[in-house]
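Asker: One structure is given below, represented as structure tokens, and several questions about it will come after.
Residue numbers (the working numbering): 443 to 591.
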């Protein structure tokens with residue numbers, strides 16, 4: 443027999459409805475986590491395969507191979523930064539129901555994680571600057587042309 447729950451707004455809900463609502467929210471969070479986990483897993487496995495191939499081909503010293511290697515390092519850095527910055531948010535959403543803490547603390551943690559997720563876009567510029575020699579040259583040329591105007 444379903445237990446009736448009286449809410450402040452006067453609506454009456456059965457405990458079965460409350461359970462089904464919680465189940466729907468939980469399922470959507472699990473699906474969100476699973477989609478990000480699958481995507482992150484594919485990125486990490488692909489990165490591992492790329493690193494293995496680059497490491498094996500490290501002995502080749504042609505200019506073309508060197509350019510490809512530098513581009514690969516830049517892409518790997520960006521994809522690892524993406525996983526590190528984006529993955530904590532769905533992990534938080536999935537684990538927070540099992541981790542009791544005050545609501546304000548949950549909100550503060552979520553804000554920090556969302557800031558980390560949005561910072562991923564800003565981090566890309568610095569990763570390109572650190573790992574891409576051609577990007578640095580073009581950036582210097584851009585600033586020089588801007589100063590000469």
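Cβ coordinates follow ideal geometry from the N, Cα and C atoms, glycine included.
1) Exposed or buried, residue 532, counting other C-beta atoms within 10 Å across all chains shown (16 or more means buried)?
2) Please report the straight-line C-alpha distance between residue 515 and residue 541, rounded to a whole angstrom.
3) With a cut-off of 8 Å on the beta carbons, I'd call residue 527 and residue 565 a contact; round off their distance for me.
4) Which word fits residue 446, buried or exposed, when buried means at least 16 other C-beta atoms lie within 10 angstroms of its C-beta?
5) Spatial neighbours of residue 577 within its chain, please: C-beta separation below 6 Å, excluding the five flanking residues on both sides.
6) Does DSSP put residue 494 in a helix, a strand or coil?
7) For residue 524, which residues of its own chain have a beta-carbon under 8 Å away from its beta-carbon, when the five flanking residues on both sides are left out?
8) Just verifying my parser: in three-state terms, what is the DSSP assignment at residue 446?
9) Under the rule that 16 or more other beta-carbon atoms within 10 Å means buried, what is residue 555, buried or exposed?
10) Answer with buried or exposed for residue 574, where buried requires no fewer than 16 other C-beta atoms within 10 angstroms of its C-beta.
11) Compute the Euclidean distance between the alpha carbons of residue 481 and residue 530, then round it to the nearest angstrom.
Answerer: In this structure, then:
1) buried
2) Distance from the CA atom of residue 515 to the CA atom of residue 541, rounded to whole angstroms, is 38 Å.
3) 7 Å between Cβ atoms; contact.
4) Unreliable placement is indicated for residue 446, whose pLDDT of 49 sits below 50; no coordinate value is reported for it.
5) 570
6) helix
7) Cβ contact annotation for residue 524 (same chain, cutoff 8 Å, sequence separation greater than five): 485 and 562, in chain order.
8) Here residue 446 scores only 49 on pLDDT, less than 50, and its place in the model is too uncertain to base an answer on.
9) buried
10) Buried, since its Cβ has 16 or more Cβ neighbours within 10 Å.
11) C-alpha separation (whole angstroms): 13 Å.
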